[in-house]
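Line by line, the protein sequences are chains A and B. Going left to right, the first sequence walks through residues 128 to 897 as our numbering numbers them. Going left to right, the second sequence walks through residues 2 to 219 as our numbering numbers them. Here the structure comes first, spelled out in structure tokens, and everything after it is commentary.
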Amino acid sequence: MHSPFRTPLVLALALLLGLCGTARAAGLLSPADGSLPPLQIKSQAVKVVIEDGYAVTTVEQVFSNPNDRDLEAVYSFPVPEHGAVSEFTVWIDGKPVVGEVFEKEEARRIYQEEKAAGRDAGLTEKDGYRTFDIRVSPVRAGQDTRLRLVYLQPAQVDHAVGRYVYPLEEGGVDEQRNAFWTINDTVQERFTFDLVVRSALPVDAVLVPGRGSAVVQQDPSGDWTVRLDSSGAPVAAAGTLAMGRTRQGAAETFGGAVPGTSPGLGVSAAGVVASLAAGNAPDPQLSAILINSLAALPAALGPASAHAAVPASGSAAAAEEGGSAPLAGAGPAQVLNADLVVYWRLAPGQPGSVDLVAHKPAGANQGTFMLVLTPGDDLKPITEGRDWVFVLDMSGSMQGKYATLADGVGRSLARLRPGDRFRIVLFNDSAQELTDGFVPVTPDAVAKYSAKVANIRPEKGTNLYDGLKRGLRGLDADRTGAVVLVTDGVANVGETAQRKFLELVRDQDVRLFTFIMGNSANRPLLEAMAAASGGFAQSVSNSDDITGQLMLAVSKVGHQALHGVTLDISGVKTADLAPRAFGSLYRGQQLVAFGRYFGHGPATVRLSGRISGEKKTYETTFDFPAAAERNPEIERLMAYAAIEDIMREVRDFGEKPDLRQAVVDLGVAHGLVTDYTSMLVLSEEQFTARKVKRANRDRVAVEETARQARAQQPARSNRADAAAPMFTGNRATTGSGAGSGSGGGAFDPWMLLILVPLVLYVLLRRRNER
Amino acid sequence: MNPALPSPRPGRPGSLLSLAAPALLAVLFALAGPQGLDRWAFDRAAVAAGQAWRLASGHLVHCDASHLGWNLAGLLVLGLLFYPHLGRRLLAALVAGALAVDAWLWWLSGLDRYCGLSGALNGILAAGLLAWWREDRSWPVPVVAALCLAKIAVESAVGAALFTETAWPAAPLAHAAGFAGGLAGEALAGRRGKFPNILKPIRASRMPDAATRSHDPA
Chain A
128 MHSPFRTPLV LALALLLGLC GTARAAGLLS PADGSLPPLQ IKSQAVKVVI EDGYAVTTVE
188 QVFSNPNDRD LEAVYSFPVP EHGAVSEFTV WIDGKPVVGE VFEKEEARRI YQEEKAAGRD
248 AGLTEKDGYR TFDIRVSPVR AGQDTRLRLV YLQPAQVDHA VGRYVYPLEE GGVDEQRNAF
308 WTINDTVQER FTFDLVVRSA LPVDAVLVPG RGSAVVQQDP SGDWTVRLDS SGAPVAAAGT
368 LAMGRTRQGA AETFGGAVPG TSPGLGVSAA GVVASLAAGN APDPQLSAIL INSLAALPAA
428 LGPASAHAAV PASGSAAAAE EGGSAPLAGA GPAQVLNADL VVYWRLAPGQ PGSVDLVAHK
488 PAGANQGTFM LVLTPGDDLK PITEGRDWVF VLDMSGSMQG KYATLADGVG RSLARLRPGD
548 RFRIVLFNDS AQELTDGFVP VTPDAVAKYS AKVANIRPEK GTNLYDGLKR GLRGLDADRT
608 GAVVLVTDGV ANVGETAQRK FLELVRDQDV RLFTFIMGNS ANRPLLEAMA AASGGFAQSV
668 SNSDDITGQL MLAVSKVGHQ ALHGVTLDIS GVKTADLAPR AFGSLYRGQQ LVAFGRYFGH
728 GPATVRLSGR ISGEKKTYET TFDFPAAAER NPEIERLMAY AAIEDIMREV RDFGEKPDLR
788 QAVVDLGVAH GLVTDYTSML VLSEEQFTAR KVKRANRDRV AVEETARQAR AQQPARSNRA
848 DAAAPMFTGN RATTGSGAGS GSGGGAFDPW MLLILVPLVL YVLLRRRNER
Chain B
2 MNPALPSPRP GRPGSLLSLA APALLAVLFA LAGPQGLDRW AFDRAAVAAG QAWRLASGHL
62 VHCDASHLGW NLAGLLVLGL LFYPHLGRRL LAALVAGALA VDAWLWWLSG LDRYCGLSGA
122 LNGILAAGLL AWWREDRSWP VPVVAALCLA KIAVESAVGA ALFTETAWPA APLAHAAGFA
182 GGLAGEALAG RRGKFPNILK PIRASRMPDA ATRSHDPA
């Protein structure tokens with residue numbers, strides 16, 4: 128029985144925890160009742176390499192136990208988008224021991240046995256779409272424990288802008304969890320973040336929104352690096368590199384640690400700061416300016432710039448003088464409660480292309496591949512008036528994100544065109560409509576409803592089904608419609624079964640565009656709904672350049688799309704293509720496909736779909752290699768894509784033994800942490816005693832060797848269709864660069880104003896004549 | 002009143018009418034709606050496939066009513082302002098601007114689609130300013146030229162129009178190309194002998210009476 132007092136109480140507690148800054152972050156968990164003393168995160172070092180179409184993230188951290196008894200460390204962090212954990216290593220007796228993957232229950236049982244016996248053990252589990260949870264036992268009294276986690280992700284590139292997120296901000300959507308645990312999200316001694324973007328295509332700008340202390344530089348080989356170091360360790364000074372593209376901005380409080388400052392508000396403030404920098408009030412052009420001048424706004428974004436202007440100059444000045452730049456204050460910590468987002472932008476004029484990254488050991492009959500298809504910009508703009516329905520989440524879990532939502536909605540409304548109409552539906556425990564039916568787009572209406580949305584106070588639960596149902600009601604069959612759903616996506620009131628949501632969406636001839644706020648959203652559900660409608664889902668972090676993200680979405684929605692996409696490969700035998708269904712391909716998006724291949728030689732790759740009902744096919748021919756050993760990680764990425772496919776089926780139709788077993792088999796064979804498999808670290812003696820095959824250790828060694836080899840080589844082009852391009856034209860961008868349909872800009876009122884001196888001169892002269 | 006101010010040149014309203022044709026065509030294309038945009042806008046792939054007319058028609062189609070409206074207003078104002086100085090070369094300046102934009106589109110921009118008259122309008126602007134300056138060195142000419150160039154430079158640098166929004170993203174470099182085209186066309190016209198005084202422009206204070214001038218081809 129649901130107590131009427133339970134939800135308010137839990138929400139009040141969650142709010143309190145939120146205000147205290149102890150929840151909604153990555154960090155060490157300890158029981159909220161204080162029954163166990165807390166551990167500390169002594170240091171955390173993050174290394175990211177983005178190359179060959181995927182990112183490898185290595186997180187190495189040290190936990191410290193200042194107490195007088197041994198304790199278990201429980202570290203939790205949000206699941207990175209499509210992130211496949213491939214390595215979990217714990218230092219036991221000073222030596223690194225790589226973990227192996229077991230079925231989830233078995234891994235937990237063995238871990239508990241080892242823990243009970245007082246032996247060293249570590250366990251990494253996946254808690255659905257929410258978090259990865261790491262357990263290490265024991266952390267000896269007065270000692271440190273070191274561990275490493277590695278995960279792989281396909282790189283996200285949209286409109287020639289890449290985006291990487293190191294997720295730290297936990298969504299706060301799991302009320303029970305928030306009530307039970309407190310989170311120590313403070314790194315005591317040192318936090319470092321090193322990211323390198325290695326691309327054969329020229330990258331002309333890198334941006335780290337809200338991280339003014341980030342040092343961004345390009346080395347002579349063309350690689351871009353981002354470095355954050357909270358310890359005050361020396362960093363390269365501005366202007367010391369050959370390429371002269373070093374940038375360092377304001378000192379800051381990593382993770383929005385300024386008391387009382389919500390990251391969401393920070394993003395809104397960022398918009399204002401950037402607008403002022405551009406010399407005008409916040410306006411729809413801001414997005415284009417942001418995206419087009421990523422390099423020009425290094426420190427203008429984010430909460431830090433709004434709150435740390437004074438220390439900024441000192442730090443930057445120190446760097447410019449050629450000395451080291453101590454970035455941390457006297458305090459010991461960084462707070463891991465806000466995501467770290469990095470954008471990189473390709474130089475204009477890059478062609479559409481097909482990139483092939485394969486892995487096939489010499490002599491093997493079977494290989495794996497990743498195909499990345501980046502179409503040319505041939506999707507035409509949509510110009511007729513449309514109906515928009517904004518379905519907005521105002522539940523309690525949106526606190527901290529709602530300011531970002533309201534900001535984004537206001538900007539979206541401002542970008543609607545004359546002839547468009549809109550409705551706004553809000554939901555928490557139930558749904559209500561803010562508008563009274565469709566409202567024609569006028570400046571007054573946009574201002575009125577933007578203000579109304581901004582004044583909403585998020586509270587209560589999340590009845591997503593009710594909100595969506597209300598939004599889909601009353602659509603005009605004679606006009607093209609689109610539903611924009613913005614939510615943190617955890618349905619916990621009313622209907623919650625994924626199947627019901629899909630039925631609801633499939634019943635309507637309308638595209639659903641979903642913006643997923645935060646890291647703990649039910650991303651699988653939201654992605655499935657968007658795909659079922661032929662729309663798309665887009666993740667938005669509180670640390671994102673929200674305006675830039677909005678621009679990407681507007682560009683997609685404002686153009687035709689390739690629907691019902693299929694990918695056929697002939698000439699070379701392939702199998703296990705993942706994902707099984709591609710849905711729709713919108714402007715600026717890439718299609719990423721994984722699979723196995725047998726043999727080698729020329730293959731014809733055909734991409735098909737429909738644009739406005741007309742069939743469209745792109746085709747090219749290229750060779751699949753006989754041997755390729757540069758990217759062994761492709762095997763794991765392929766397996767994880769297949770697992771995601773299976774999990775989609777599980778969520779649609781419920782868990783079945785064969786589906787579960789398929790996930791377990793793939794997870795164990797490829798050393799992946801999944802919903803049904805976990806990674807376990809035991810001492811080498813225990814691995815031997817339990818006769819555990821060290822398959823993952825061997826795989827990790829192969830991957831590490833390959834990574835070191837790649838680091839010694841220049842970035843490589845993986846373009847496969849250079850001889851027979853699959854696409855005409857350049858890839859899409861958001862701005863005026865290559866591949867963009869363009870109006871050339873109107874001869875605007877300001878230009879007419881500039882001509883006024885000439886007009887006055889003529890008038891004066893004529894008067895003089897008379 | 003400053004008695005030293007030179008007299009304006011006699012108007013040639015007939016030359017202004019030469020701009021009526023592109024204006025009328027722009028309106029007719031607009032009446033065709035989105036299909037007209039698809040059919041007539043510059044489209045790299047279509048041009049490569051033989052639809053060369055898009056290099057011309059692309060300047061006359063617009064992505065929305067606002068885009069068309071402001072460009073027609075610009076055409077009218079520029080025509081009124083510069084016809085006394087450009088005469089029949091008004092249309093030539095527009096064409097020079099359009100050709101320069103086409104060259105930029107095809108060889109330099111990498112853009113796949115383009116529409117709108119504003120790039121070509123900058124051709125009239127540049128040619129008109131040069132012609133005016135050659136005639137009488139009026140002080141507002143360099144001021145206006147500097148402001149125009151500054152606006153074009155800033156917008157080109159940020160890759161977006163600062164003050165307007167159109168359905169298709171702005172391409173400010175098209176304005177720069179049009180401006181350069183108009184400037185080059187007008188300078189070339191002078192070098193071909195139409196303006197023998199180009200190297201020795203008439204100073205405002207010594208300007209002959211308008212009725213006695215002989216270098217106006219119109």
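No residue lacks a Cβ here, since even glycine has one placed at the ideal position from N, Cα and C. Being a predicted model, the structure only gives us computed values, none of them experimental.
- request: Run through the stretch 295 to 356 of chain A for me and flag every whole beta strand (DSSP E) of 3 or more residues, listed as ranges in chain order.
  value: 308 to 311, 313 to 325, 330 to 334, 342 to 345, 351 to 356
query: Which of the three DSSP states, helix, strand or coil, is assigned to residue 644 (chain A)?
result: strand
query: Going by the beta-carbon positions, is the gap between residue 350 (chain A) and residue 472 (chain A) smaller than 7 Å?
result: no
- prompt: Exposed or buried, residue 668 (chain A), counting other C-beta atoms within 10 Å across all chains shown (16 or more means buried)?
  reply: buried
message: Rounded to whole angstroms, what is the Cα-Cα separation between residue 848 (chain A) and residue 705 (chain A)?
response: 21 Å
- prompt: With distances taken between CB atoms, is the gap from residue 698 (chain A) to residue 747 (chain A) smaller than 7 Å?
  reply: no
query: Shorter than 7 Å from the beta carbon of residue 54 (chain B) to some beta carbon of chain A?
result: no
query: Going by beta carbon distance, what residues of the same chain come within less than 8 Å of residue 119 (chain A), once the five residues before and after it are set aside?
result: What the structure shows of chain A is the stretch from 128 to 897, and residue 119 (chain A) is not part of that stretch, so it cannot be assessed.
- prompt: Per DSSP, residue 289 (chain A) forms a beta bridge with which residues?
  reply: A:284, A:471
query: Which residues in the same chain as residue 272 (chain A) place their Cβ atom closer than 6 Å to its Cβ, once the five residues preceding and following it in sequence are excluded?
result: 190, 263, 266
- prompt: Three-state secondary structure (DSSP) at residue 627 (chain A)?
  reply: helix
field: Collapsed DSSP secondary structure at residue 15 (chain B) in the structure displayed
entry: helix
message: For residue 135 (chain B), would you say it is in contact with chain A, using Cβ-to-Cβ distances shorter than 7 Å as the test?
response: no
- prompt: Three-state secondary structure (DSSP) at residue 897 (chain A)?
  reply: coil
- prompt: Can you find a CB in chain A that lies within less than 7 Å of the CB of residue 75 (chain B)?
  reply: yes
message: Quick check on residue 62 (chain B) - is its C-beta less than 7 Å from some C-beta in chain A?
response: no
field: Rounded straight-line distance, which links the Cα of residue 16 (chain B) to that of residue 427 (chain A)
entry: Confidence at residue 427 (chain A) is low in this model, with a pLDDT of 30, below 50, so its placement is unreliable and the value that follows should be read with caution. About 50 Å.
query: Which chain A residues are close to residue 143 (chain B), counting only those with a beta carbon under 9 Å from its beta carbon?
result: Ordered by position in chain A, no residue passes the 9 Å Cβ test against residue 143 (chain B), which lies about 10 Å from the chain.
- request: Can you give me the start and stop residues for the alpha helix (DSSP H) that residue 577 (chain A) sits inside?
  value: 570 to 581
task: Can you give me, in chain order, the residues of the stretch 722 to 743 of chain A that have a beta carbon less than 9 Å from any beta carbon in chain B?
output: none
Three-state secondary structure (DSSP) of residue 208 (chain A): coil
- prompt: If we ignore side chains and look at the alpha-carbon of each, how far apart do residue 319 (chain A) and residue 700 (chain A) end up?
  reply: 45 Å
field: 8 Å contact criterion, which residue 590 (chain A) and residue 228 (chain A) should meet: CB distance rounded
entry: Contact doesn't hold; Cβ gap of about 38 Å is too wide.
- prompt: For residue 851 (chain A), which three-state DSSP category applies?
  reply: coil
query: When we look at the beta-carbon of residue 830 (chain A) and count the other beta-carbons within 10 Å, is it buried (16 or more) or exposed?
result: buried
Helix, strand or coil at residue 143 (chain B) [DSSP, three-state]: helix
query: Nearest to residue 503 (chain A) by CA position, among A:722, A:859, A:894, A:886, is which residue?
result: A:859
query: So, do the stretch 201 to 209 of chain A and the stretch 272 to 286 of chain A have three or more beta carbon pairs nearer to each other than 8 Å?
result: yes
message: DSSP has residue 602 (chain A) in a bridge; who is on the other side?
response: For residue 602 (chain A), which the question treats as bridged, DSSP gives no partner whatsoever.
query: residue 888 (chain A) touches chain B at which residues, Cβ-Cβ below 7 Å?
result: 139, 141
query: Does DSSP put residue 502 (chain A) in a helix, in a strand, or in coil?
result: coil
task: Indicate whether residue 827 (chain A) and residue 176 (chain A) have their beta-carbon atoms separated by less than 7 Å.
output: no
- prompt: Using the rule of at least 16 other Cβ atoms within 10 Å of the residue's Cβ for burial, across every protein chain shown, is residue 140 (chain B) buried or exposed?
  reply: exposed
task: Measure the CB-CB distance between residue 274 (chain A) and residue 217 (chain A) and report whether it falls below 7 Å.
output: yes
- request: Locate the beta strand (DSSP E) running through residue 724 (chain A), then write down its first and last residues.
  value: 718 to 725
- prompt: Is residue 520 (chain A) near residue 614 (chain A), with beta carbons less than 7 Å apart?
  reply: yes
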